[in-house]
Amino acid sequence: MKYPWPQSITSHYHRLIDPTDSQDPLAKMVFYDSREENIAKTELLDPIGDQKHQVLPCLIHRYPGSVLVLTTPTCPQNCRFCFRRCLPPSPPPNWSKISAYIQKHPQIKEIIFSGGDPLTLTNPNWIQIIKNLKPIKHLHFFRLHSRLPIADPQALSPDFFSLWPDDKNLTLVVHVNHPREISPQTIKLLKTFRQHGWHFLSQTVLLKGVNDNSQVLKKLFLDLWQNGVKPYYLHHLDSVPGTSHFRLSISRGLKLFTGLRGHLPGPALPTYVLDLPGGFGKVPVSWLKKIGPKKYQVKNFQEKTIIYTDPF
Ligand code: SF4
Numbered sequence: 008m009k010y011p012w013p014q015s016i017t018s019h020y021h022r023l024i025d026p027t028d029s030q031d032p033l034a035k036m037v038f039y040d041s042r043e044e045n046i047a048k049t050e051l052l053d054p055i056g057d058q059k060h061q062v063l064p065c066l067i068h069r070y071p072g073s074v075l076v077l078t079t080p081t082c083p084q085n086c087r088f089c090f091r092r093c094l095p096p097s098p099p100p101n102w103s104k105i106s107a108y109i110q111k112h113p114q115i116k117e118i119i120f121s122g123g124d125p126l127t128l129t130n131p132n133w134i135q136i137i138k139n140l141k142p143i144k145h146l147h148f149f150r151l152h153s154r155l156p157i158a159d160p161q162a163l164s165p166d167f168f169s170l171w172p173d174d175k176n177l178t179l180v181v182h183v184n185h186p187r188e189i190s191p192q193t194i195k196l197l198k199t200f201r202q203h204g205w206h207f208l209s210q211t212v213l214l215k216g217v218n219d220n221s222q223v224l225k226k227l228f229l230d231l232w233q234n235g236v237k238p239y240y241l242h243h244l245d246s247v248p249g250t251s252h253f254r255l256s257i258s259r260g261l262k263l264f265t266g267l268r269g270h271l272p273g274p275a276l277p278t279y280v281l282d283l284p285g286g287f288g289k290v291p292v293s294w295l296k297k298i299g300p301k302k303y304q305v306k307n308f309q310e311k312t313i314i315y316t317d318p319f
């Protein structure tokens, strides 16, 4: 990883930041902070164990029914807590090899386009990708994880929408962490996706000093749901190097999350999840059973018992 992680902010996002507020939550997510130089022993270069499940360059097969592709290392801007910033460089995905792998595994029903940010790919890139994947009959679900609708909602070319097949289920998962990130331009872009038949989910990272506040989280999830986006995941922060100033303890996170119950319409409440280090997959944080100071026990999706130590 380049150190320090370069600062990169879109002009759209810059305009959302309040320059008079030294504690602006949006600024904290994109401006360099010298505390990033403090690397804790518990922090990991590959915090969610992507490499353990890499079956081809850029292709991760962690769960039986879905694969995830690291489509590009590029993002519209750099989140200071990015969980994939320390992965070693890799050659770009080979889409004919990826489609051959998926063809051979009929249990794979879904492909997740991740990164980096897949919406930074060009239309010719997508034409080639879709040409490879569209013929796979058992691959029903295309899911795209992106922060572009928040960081640069006017960047997408209008031709993008006509590229997608209408016989696949298309879902956009928007990475959004604060209600002030949902601009009129973001809402307009979501409407365009909806007009073209896309479904919406969101994912949010729980960050100290940014959104560790029940009023902020309530407003965020309500605003998303009101705009047709189902809040999907609230992520406990991964053990990313140099992010301890953003970290909450498991018990604090759980307290915040349980305080939201009953105050939001049911579908507006996401699942609060932890991606277990070592590549064991996601578990709802409420499944963790405390077995000692900072020690938790949990069964993952394979029914394996995992011991998790809270790095807080
Ligand atoms: S959008 Fe995701 S991949 Fe891109 S910098 Fe932010 S956390 Fe990292």
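Using the numbering used here, you'd call the opening residue of the sequence shown number 8 and step up by one each time.
Positions of the beta carbon are idealized from the N, C-alpha and C atoms, including for glycine.
Everything numeric in this text was worked out from a predicted model, so none of it was measured.
Under the DSSP assignment, T193 falls in the alpha helix (DSSP H) whose first and last residues are 191–202.
Residue state for V236 is assigned as coil, using DSSP reduced to three classes. When DSSP assignments are scanned along the segment 53–111, the uninterrupted stretches of alpha helix (DSSP H) that are 4 or more residues long and fall wholly within it turn out to be 102–111. For H206, there is no enclosing alpha helix (DSSP H); the enclosing beta strand (DSSP E) has its first and last residue at 206–212.
Taking C-beta separations shorter than 6 Å and ignoring five residues to either side along the sequence, the partners of G216 in its chain run K35, following chain order. In the structure shown, D173 falls within a coil segment according to DSSP collapsed to helix, strand and coil. Here Q192 is near P160, since their CB atoms are less than 8 Å apart.
For the options L94, L63, A47, K311, the alpha carbon positioned closest to that of I55 is the one of L94. A residue is called buried once 16 or more other Cβ atoms fall within 10 Å of its Cβ, and R42, having fewer, is exposed. From the listed residues K306, D219, K144, L229, the smallest Cα separation to P277 is found for L229. Remark: the C-beta of G285 is outside contact range of the ligand SF4, defined as less than 7 Å to any heavy atom. For P291, the enclosing beta strand (DSSP E) begins and ends at 288–291. Judged by pairs of C-beta atoms under 8 Å, the segment 117–124 touches the segment 143–153, as three or more such pairs exist. In the DSSP assignment, E117 forms a beta bridge with S73, F148. The alpha-carbon separation between L163 and H112 amounts to approximately 33 Å. Shown here, S258 sits in a helix according to DSSP, grouped into three states.
Rounded to whole angstroms, the Cβ separation of D173 and S153 is 20 Å, and the two are not in contact under 8 Å. Between the segment 71–78 and the segment 257–267 there are fewer than three C-beta pairs closer than 8 Å, too few to call the two in contact. The count of Cβ pairs closer than 8 Å, one atom from the segment 165–184 and one from the segment 199–208, reaches three, so the stretches are in contact.
For V280, the enclosing beta strand (DSSP E) stretches over residues 278–283. In this structure the segment 94–106 lies against the segment 56–64, because at least three pairs of beta carbons, one per stretch, are closer than 8 Å. N139 and I105 have their alpha carbons spaced roughly 9 Å apart. The C-alpha of Y39 is placed about 10 Å away from the C-alpha of C86.
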